[in-house]
Amino acid sequence: MNEKTRNTLIIRFVITLLVILAINFFLPRMMPGDPFSTTSSDVQGEDIVTMTEEQRQYFISYYGMDLPLHEQFFRYLANMAHGDFGQSIYYKIPVTSVILIHLPWTILIIFCATALSTAVGIILGLISARNRKKRSDRVMMTGLIAFSEIPSFLLGIILLLIFCVWLKLLPLAGAVTPFAHYAGVVDQALDIAHHAFLPVLTLALAQLTGVYLLTRNTLITVSSKDYIRTAYAKGLGERIVWTRHALRNALLPVVTRTGFMIGLMMGGAVLVETVFSYPGIGLTLRSAVVNRDYALIQGILLVTAVSILLCNLLVDQVYRKLDPRVSD
Amino acid sequence: MKKSGIIIIVIALICLAVVLAGCTSQNSSQTTSASTGSAATSGAGQGATQAEIVHLTGGDYGYPQPFTIYPRGPGSSKVGMIFDSLLERDEKGIIPWLAERWEISADGKEYTFYLRKGVKWQDDLPFTANDVKFTTEYEMKNVPVSGGIETELIDSVKVIDDNTVKFILKEPASSFLYKISSYRIIPEHIYRNVTDPAKFLNKSAVIGTGPYKLAEYNKEHGSYRYVANEGFWGPRVAVKTVEFIPVSNELIAFDQGEIDFSSVTPDILDKYKDNPKYRLVQQPDFWGYEFYFNMKKYPELKDVRVRQAFAYAINRSELVDKIQRGAGEPGNLGILPDNHIWYNADQPEYAWDLAKAKTLLDEAGWKDTDGDGIRDKDGKKLSYALSLASTEVRIGELIKERLKEAGIDIQVKALESKARDTNLKKGDFELLVSGFGGWGQDADYLRTRYSDAKTLSGSNTVAAQASVIGYHNDAFNSLAASEVKELDDAKRKQIVFEMQKVLADDIPTIPLFYTKTWDVWTLPTYDGWMNMYDHHARTHSKLSYLVREGIAAKR
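So the sequences go chain by chain: F and L. For the record, in the first sequence the residue sitting at position 239 is 262 according to this note's numbering, with numbers rising by one throughout. For the record, in the second sequence the residue sitting at position 307 is 1240 according to this note's numbering, with numbers rising by one throughout.
Written out as C-alpha cells, the structure is:
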C-alpha cells in the first residue's frame, strides 16, 4: 500500500465517521416524543412516573435540551473530541459506563457464536461437499435448512426448556450467579461460561446454516475448476486437494460473510438477550430507543458503527492473506 | 424437494409441540372465576408469617434513591424500602408513619405534622423536622425522578420545633395527604452537600429511616439485596432479607423455586389452584386501557349521542374475554374501576347494545345514504383512524369489527408507543387507545384529567393521566372545583360519586378494560403479601414486608 492510497483510505474513514456522527445525533431527535413525556406503559401492569409540566421543563433544561439543535450538535462534537459521550438520561450514569458495563457481554456471545458457527459450518460444508449427491449430503442439507427456519428466540426458548427446565443443567437467566463471591478467576470464568453457553449456542445455531451452505456451494463450484483437476493430475491425495486447494479458495466468500455478519448479529443478539435475560448491549439499545435516551442511543450506535468499520478493515486484511491477488 | 418439504414441516411441528407442551403443560380448562374479585381462590389457610429470605423478580431499575431510579418500572417501590414518608398507605387508606398525627387549618392551606420521636437515620443520626423542610426545599431545586411533591403547590415549610413541621400551601389541595404518603424524606446531613443528586451514587446516598438497608446492588445484572434495618423505629421486619434476581421467564423461575412470587397467565391457573403449597389471588383492577376521541379536530364527536353510540357499540366484555382471557374487568364509564375505594356503582352501565348504538346515531342524523355500510351526514363519513401501539393491534381489530356493525368505519393505525404518546399530547390523532396504571390512585385524578379549569395542583400533568384535549363540561368543572377544596373525606366522596355520574353520562373517554392479573406465591416461604388500597402490585407495598402490628396492624 503506497502513501497515496493510505491517505485516501484515512480520508474516507474520517468522512464516514463524520456522517455517522451526524446521523447518530439527528436521527434519534427526529423520532416523535422526548425522554420526559411518556404517558403509556410498555407492557401491561408496568408503572411509569408521572410528571408535571414544570418538572418536565426542569429535566429538559437539566440535560441541555432547551438549547437550539445546532448548538447541541456542536456541543456534542466538542464533548466527543474530549472523549465525553455525555450522561445517559434514563440510566443516570455516563454513557461510557453503560456501554462498558454491557458491551463486553454482547461481544463475548457474538464472538464465541461467530467462531463456533464459522468453524462448525466450514467443517460440515466440507463434509457435505465431499459427499455430494450421496445420502449423507442430502440429509445434512435438508436438516440444516429446516433448522435455520426456526426463529432464534423460539430456538432459545426450546433450548431453555430442554437444558434448564427438564435437564436442570444450566441456569435460567443472567450472565453470572447473583450475589456470587468467587474463590478465584477459574471459578468465575466457569460461572460465566456456564451462563453464556445457551446464548452462544442459540446465536451460533441461528448462523450455522448460512456458513454451511456457502461453504458447501462454493466448494462444489470450485471443485470443477481446472486447477483442482491439475492438483489431482499432480498425484496429490484427495485430502490435500480438498483442504489445501479447494477449501482455501472457497473460504473467500465465507470470510467476507463473517465480517458482515458481526453487524447483523447485533439484531439477533437483542432477541437472544431477551430470551435469556442476558445483560448485553442489545437490550440496552432497545430500552434507550423506547425511552428516547438520546445520549445513550448516540453512544451505542457510534460504538457499533465503529466496530463494523473495524471488522470490515479486518476482513480486508484476512482477505489479503488468503488471496494474494487482492493485495497490490 | 417434495420429500424435504415434508421433513421440514414435521420438524417444525415437533418443535412447536415441544414449546407448547413446555409452556402450557396443564392447559385443561379455562377459569371463569376471574371476575369474582381479588379475594378469589386458593387452597390452604395461613402460610409463613415471617421469613429469613424471599426471592423476587429483579432487573435493573436504578440505584434506589429518589434521584437515580429509572422512570419506568418498580424503581420507586425500591426507594420506599429504604426511605420513609410522613404518611403511609395500607389496604384501607392513609395511615400515620413518620408523622404520628396531623392537623389541617380550616382554610385547607396549612398542614401541621407531629413527627414521631426517637426515629433515627440508618447512620444513627436523629431524624427531625429539619429533614422534612430540607427535603422540600432541596427538591425545589433538584427534581427527583419519582416520589417528589408538586413544589409549585407549596408556599413554604416551617419548622415549629424538632418534632413539628408545617406545610403552607398556595391554595387548598384535597389530595395533599395522599401526595405526602409517597413523598420520601431524605437526610439533610447527607444531601445538603450534594450539588447534583442525579450523580450521587455512593453508599451514603441510600441512607434512609426505612425498614431495609441496601446490602448489594448490581446495575449490570439487575440484582438487589436488601437486609432488615436492625434499628428500624417501626413494626418488626417480617422478611429478614429480600433478594431481587434477574429472571428470563418469571413463571419458569417460580416453578424452579428461584423466586417466591410470580404473576400467572390465565390459561395455567389450574396448576396452582387448590394446591396447599400456593396462594393464587387476583390483583385489583388498577391498570387499564383508555379510548380517546379527538373532539377538538372532529366537532361531530362533541355530540354526546355519538360518543354514547361508541360506548354501546364497543363490546368491552368481549375485550376482557378475548384479550385478557378473563383476567380483567370491563371499563366503567365513570372512569374509576370497581376496586377503587370511591367507586360509585350507581352509574349508567352501557352494556354492549348494538340496537341502542344504531338508534343514537340515527337520532344524531348519521345515516348510511349511499349504501356502503358507513354512516354519513352532510357528505362527511363516520370514518376514523384509530391510533394505538403495535402491541395493541388485537384490541383495535376487535373494536373495528364491533363499530363496523354500527356503521362506523375504523382503520387501525399501529404506531410505536412513544409516537402514539406524542400524538395524544399534541392532539394529533382521530381516535386513540393508550394503556397505563394508576387507576386506583386518589380520585382527584378525575379532576386533573377531565376538568379544563386551571388550578395549581396537577394542572398540567403530562405523564400517565394526560388531560383530555378539547373536552369541556361546565357541570363537571364546578364539581371538580369543589372537590379540590373539600377537606371532609365523606363529603369529598359524595362529590366524587357525582363526578363519576356526570362522566358516565357524558363519556369524555371510554375506559375499555382494566387488567386483573393473577398473582401466585408459595405459602411455606412467605404469606405476608398485601395490596395498598391504591396500587395493583403487592410486592410494591412497604407493609408487605413488615409484621402487621402497631401502626401497621391489619385493617
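The beta carbon of each residue, even a glycine, is placed where N, CA and C say it ideally should be. Bear in mind that the values here come from a model prediction, so they are computed numbers and not experimental data.
Under the 9 Å criterion on CB atoms, F:Asp-339 is classed as non-interfacial with respect to chain L. With a threshold of 16 other beta carbon atoms within 10 Å, F:Ala-206 falls short and is exposed. In this structure, F:Ile-122 lies near F:Phe-108, with their beta-carbon atoms less than 9 Å apart. Spatial neighbours of F:Leu-139 in its own chain (CB-CB distance under 6 Å, excluding positions within 5 residues in sequence) are listed in chain order as Ala-227. The shortest CA-to-CA distance from L:Gln-998 to any of F:Asn-102, F:Lys-115, F:Met-103 is the one to F:Lys-115. For L:Arg-1005, the three-state secondary structure derived from DSSP is strand.
Only buried fits L:Gly-1264, as 16 or more other CB atoms lie within 10 angstroms of its CB. L:Pro-1179 and F:Arg-239 have their C-alpha atoms some 41 Å from each other.
Look at F:Leu-183: its C-beta is under 9 Å from a C-beta on chain L. Annotated three-state conformation of L:Ser-1250 is helix, per DSSP.
Closest by C-alpha distance to F:Gly-233, out of F:Asp-89, F:Met-88, F:Met-164, is F:Met-164. Contacts with chain F (Cβ-Cβ distance below 9 Å) from the segment 1170-1192 of chain L involve Glu-1176, Phe-1177, Ile-1178, Pro-1179, Val-1180, Ser-1181, Asn-1182, Ile-1185, Ala-1186, Asp-1188, Gln-1189, Glu-1191, listed in chain order.
In this structure, L:Val-1090 is the residue among L:Asn-1135, L:Tyr-1459, L:Trp-1372, L:Val-1090 with its C-alpha nearest to the C-alpha of L:Phe-1046. Residues of the segment 122-135 of chain F with a C-beta atom less than 9 Å from some C-beta of chain L are Ile-124, His-125, Trp-128, listed in chain order. Using a 10 angstroms sphere on the CB of L:Glu-1223, the tally of other CB atoms reaches 16 or more, which defines it as buried. With a beta-carbon spacing of about 18 Å, F:Gly-106 and F:Gln-95 fall beyond the 8 Å limit used to define contacts. Look at the segment 197-221 of chain F: the residues with a C-beta under 8 Å from a C-beta of chain L are Gly-197, Ala-198, Val-199, Pro-201, Phe-202. For L:Thr-1448, the beta-bridge partners assigned by DSSP are L:Trp-1220, L:Gly-1261. The contact set of L:Val-1401 on chain F, defined by CB atoms closer than 8 Å, is empty, because the minimum CB distance reaches about 12 Å.
Linking L:Ala-1376 to L:Leu-1213 through their CA atoms gives a straight-line distance of about 29 Å.
Within the model, the alpha-carbon separation for L:Gly-1267 versus L:Pro-1441 is close to 10 Å.
For the segment 1353-1376 of chain L, the beta-carbon criterion of a distance under 8 Å to any beta-carbon of chain F is satisfied by Arg-1353, Asp-1354, Thr-1355, Asn-1356, Leu-1357, Lys-1358, Ser-1367, Gly-1368, Phe-1369, Gly-1370, Gly-1371.
Taking L:Ala-1131 as the centre and dropping the five residues before and after it, the same chain places the C-beta of Phe-1000, Thr-1001, Asn-1075 closer than 8 Å to its C-beta, in chain order. Under the three-state reduction of DSSP, L:Gln-1433 is assigned to helix. The segment 1325-1383 of chain L is shown to contain whole alpha helix (DSSP H) runs of 4 or more residues at 1326-1338, 1350-1359, 1378-1383, in chain order.
If you draw a straight line from the Cα of F:Phe-220 to the Cα of L:Gln-983, it is about 37 Å long.
Residue state for L:Gln-1215 is assigned as strand, using DSSP reduced to three classes.
Between the segment 1473-1482 of chain L and the segment 1245-1255 of chain L, the count of Cβ pairs shorter than 8 Å is below three; the stretches do not touch. About 21 Å separates the beta carbons of L:Gly-1143 and L:Asp-993, which is beyond the 8 Å limit, so they are not a contact pair.
Looking at the backbone, the Cα of F:Asn-314 and that of L:Asp-1094 are separated by about 44 Å. Beta-bridge pairing by DSSP links L:Asp-1309 to L:Lys-1300, L:Lys-1314. Between F:Lys-115 and chain L, the shortest Cβ-Cβ separation is below 9 Å.
Beyond the five residues adjoining it in sequence on each side, L:Ser-1009 comes within less than 7 Å, by CB distance, of Ile-1002, Ser-1079, Gly-1080 in the same chain, given in chain order.
Under the DSSP assignment, L:Arg-1169 falls outside any beta strand (DSSP E); it carries neither an H nor an E label. Rounded to the nearest angstrom, the gap between the Cα atoms of L:Asn-1096 and F:Pro-302 is 46 Å.
With a minimum length of 3 residues, the unbroken runs of beta strand (DSSP E) contained wholly in the segment 1094-1143 of chain L fall at 1097-1102.
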